[in-house]
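Chains as they are written, first to last, in the numbering used here: chain A, 1 to 132; chain B, 133 to 374.
Here is the structure we will look at, set down as structure tokens.
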Amino acid sequence: MIRTSHRIITATVIALSVIVAGCAERSVVEPPAGVPATTIDASAATVTVAVQGFLFQDGDLEIEAGTTVRWENQDRILHTVTAGTEAAPSGLFDIQLDGDGSSGEFTFSSPGTYEYFCARHPHMTGTITVTP
Amino acid sequence: MNSSRKKLAALGLVLALGAAACGSDGDGGAAPTSAPSTTTTTTTEAPTTTTTEAQAMELIGVAAAQSPAAELRSLLTAQLQEHVYLAGTAVFTAINVPSVFEAAAATLDQNSQDLAASVASLYGDDAGDAFLELWRTHIGFFVDYTTARAMGDEAGQMAAKTALQGYREDFGAFLESANPALTKEAVVAELQPHVETVFAAIDAVVDGDADAFDKLKVAANVMPNTAATLAGAFADQFELAG
Numbered sequence: 001m002i003r004t005s006h007r008i009i010t011a012t013v014i015a016l017s018v019i020v021a022g023c024a025e026r027s028v029v030e031p032p033a034g035v036p037a038t039t040i041d042a043s044a045a046t047v048t049v050a051v052q053g054f055l056f057q058d059g060d061l062e063i064e065a066g067t068t069v070r071w072e073n074q075d076r077i078l079h080t081v082t083a084g085t086e087a088a089p090s091g092l093f094d095i096q097l098d099g100d101g102s103s104g105e106f107t108f109s110s111p112g113t114y115e116y117f118c119a120r121h122p123h124m125t126g127t128i129t130v131t132p
Numbered sequence: 133m134n135s136s137r138k139k140l141a142a143l144g145l146v147l148a149l150g151a152a153a154c155g156s157d158g159d160g161g162a163a164p165t166s167a168p169s170t171t172t173t174t175t176t177e178a179p180t181t182t183t184t185e186a187q188a189m190e191l192i193g194v195a196a197a198q199s200p201a202a203e204l205r206s207l208l209t210a211q212l213q214e215h216v217y218l219a220g221t222a223v224f225t226a227i228n229v230p231s232v233f234e235a236a237a238a239t240l241d242q243n244s245q246d247l248a249a250s251v252a253s254l255y256g257d258d259a260g261d262a263f264l265e266l267w268r269t270h271i272g273f274f275v276d277y278t279t280a281r282a283m284g285d286e287a288g289q290m291a292a293k294t295a296l297q298g299y300r301e302d303f304g305a306f307l308e309s310a311n312p313a314l315t316k317e318a319v320v321a322e323l324q325p326h327v328e329t330v331f332a333a334i335d336a337v338v339d340g341d342a343d344a345f346d347k348l349k350v351a352a353n354v355m356p357n358t359a360a361t362l363a364g365a366f367a368d369q370f371e372l373a374g
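Written as structure tokens, this is what we have:
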């Protein structure tokens, strides 16, 4: 039989600790939409990314500064669109997509490369490359 | 290294330390004290197969099992039962034979990859990758539970159970996304016996109960039903014959 010891507790705390952090700057949650995979509305400068099958479908994008990216959840589960990486959330945005049909968006004003992921399912990742 | 593999490694460390803390009195805890001796008789002569026998095998349905739908069901049954036995082996070795735990964990992960390959064969590589991450996550929660049980941490056990409840919702949503016939609610219900029986088996292994392997067998015997549910839905979706 295994006995509790300080060494066990210490090892467990060290081995199993996970810290997830993030904060939102600008996000909009809207009613159900039901759209297909990534679409681009040039006139409105909005790009839509479908969140489906626990993936950001075509989630790696190259857009111009000022473009809004809209994520639409087609899974019946909470996903997030969180700026940065699991190891280092940037805090730029943290959008909650609460189930099928929910959506959120963020406008990328400055050129650069922006990684994002789902805080609940960190294997879900994407990258937005913003050009001038 | 992904999260669940880190947890498996941590479990090995934690339980190895726990074993060390128990001293070196040679009492393996859960190890059976009077394991029955096994005598194996091996027949070296290969049986002669005649055309008549082959025809008989076909008549009793062996050929029927070669249909794509039946093959899929058979494959998933084997992989899911293997999952349970390998998980049980990993837990047992972590507690009783830490020196081979890493190998047991690696074999368990290979089974996870095999299951993911089955999913990928139907829904594509991205879906297979997503499945693998989800599947490894649930193994990680069972590792959390095992660790908490071994340490007598009741709050930790409850936290792991709560996490697995949430996982079933996630896994249900994932399968529903791939196959609308597998509703999230149906998958959550389908996985309930799996979770309950595996918890019972882990408890028995960690506590050194004599019926630990009986409980592991019960847990494994749940999986053919799960495999049939999944394979049936997959076969319908892809119109597989059989």
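Cβ atoms here follow ideal geometry from the backbone N, Cα and C, with glycine treated the same way.
Note that the coordinates shown come from a computational prediction; the quantities given were computed from them, not determined experimentally.
- Message: Tell me which residues of the segment 42-67 of chain A have at least one Cβ-Cβ distance to chain B shorter than 7 angstroms, keeping chain order.
- Response: Q52, G53, F54, L55
Counting C-beta neighbours from all protein chains within 10 Å, is the total for T329/B 16 or more, i.e. buried, or is it exposed? buried
Test: K316/B CB closer than 8 angstroms to a CB of chain A | yes
Which of helix, strand or coil DSSP assigns to S199/B:
coil
Is F370/B near L207/B, with beta carbons less than 8 angstroms apart? no
**Message:** For P32/A, would you say it is in contact with chain B, using Cβ-to-Cβ distances shorter than 8 angstroms as the test?
**Reply:** A caution first: P32/A carries a pLDDT of 39, below 50, which makes its placement in the model unreliable, though a value can still be read off. No, its Cβ sits nowhere closer than 8 angstroms to a Cβ of chain B.
* Following the continuous alpha helix (DSSP H) through A318/B, name the residue where it begins and the one where it ends. => Where A318/B is concerned, the enclosing alpha helix (DSSP H) stretches over 316-339.
Residues near R76/A in its chain [Cβ-Cβ closer than 8 angstroms; skip 5 each side]: G99, D100
Going by DSSP in three states, T98/B sits in which element: helix, strand or coil?
Beyond the ends of chain B as shown, which are 133 and 374, falls residue 98/B; an answer cannot be given.
- Is the shortest distance between the beta-carbon of E301/B and the beta-carbons of chain A less than 8 angstroms? At least one C-beta of chain A is nearer than 8 angstroms to the C-beta of E301/B.
**Request:** Determine the direct distance from the alpha carbon of Q198/B to that of V130/A, and round the result to whole angstroms.
**Result:** 52 angstroms
Any Cβ of chain B within less than 8 angstroms of the Cβ of I77/A?
yes
- Taking all protein chains shown into account, decide if Q242/B is buried (16 or more other Cβ within 10 angstroms of its Cβ) or exposed. exposed
- How long is the line joining the alpha carbons of A352/B and T358/B, rounded to whole angstroms? A352/B and T358/B: Cα-Cα distance of roughly 10 angstroms.
| message | Residues of the segment 231-262 of chain B in Cβ contact with chain A at a cutoff of 8 angstroms, in chain order, please. | response | Y255, D258, A259, D261, A262
task: Answer with buried or exposed for D285/B, where buried requires no fewer than 16 other C-beta atoms within 10 angstroms of its C-beta.
output: buried
query = For the ligand NAD, any of its heavy atoms closer than 7 angstroms to the Cβ of G84/A?
reply = As far as ligands go, the structure on display features none, and thus does not contain the ligand NAD.
*CB contact flag (V338/B, T294/B, <8 angstroms)*: no
- Query: Helix, strand or coil: which one does DSSP assign to E308/B?
  - Reply: helix
Find the residues of chain A that neighbour E328/B, judging by a C-beta separation of less than 7 angstroms, and give them in chain order. Simply none; closest approach about 22 angstroms.
Endpoints, beta strand (DSSP E) assigned at V229/B = Per DSSP, V229/B belongs to no beta strand (DSSP E) and is neither H nor E.
Exercise. By how many angstroms is the C-alpha of V251/B removed from the C-alpha of G374/B?
Worked result: CA-CA distance, G374/B to V251/B, rounds to 19 angstroms.
Check your understanding: Hey, does E308/B have any beta-carbon neighbour from chain A nearer than 8 angstroms?
Key -> yes
Checklist line | Unbroken beta strand (DSSP E) run spanning H79/A, endpoints | finding: 78-84
Check your understanding: Does E265/B come within less than 8 angstroms of chain A when only Cβ atoms are used?
Key -> yes
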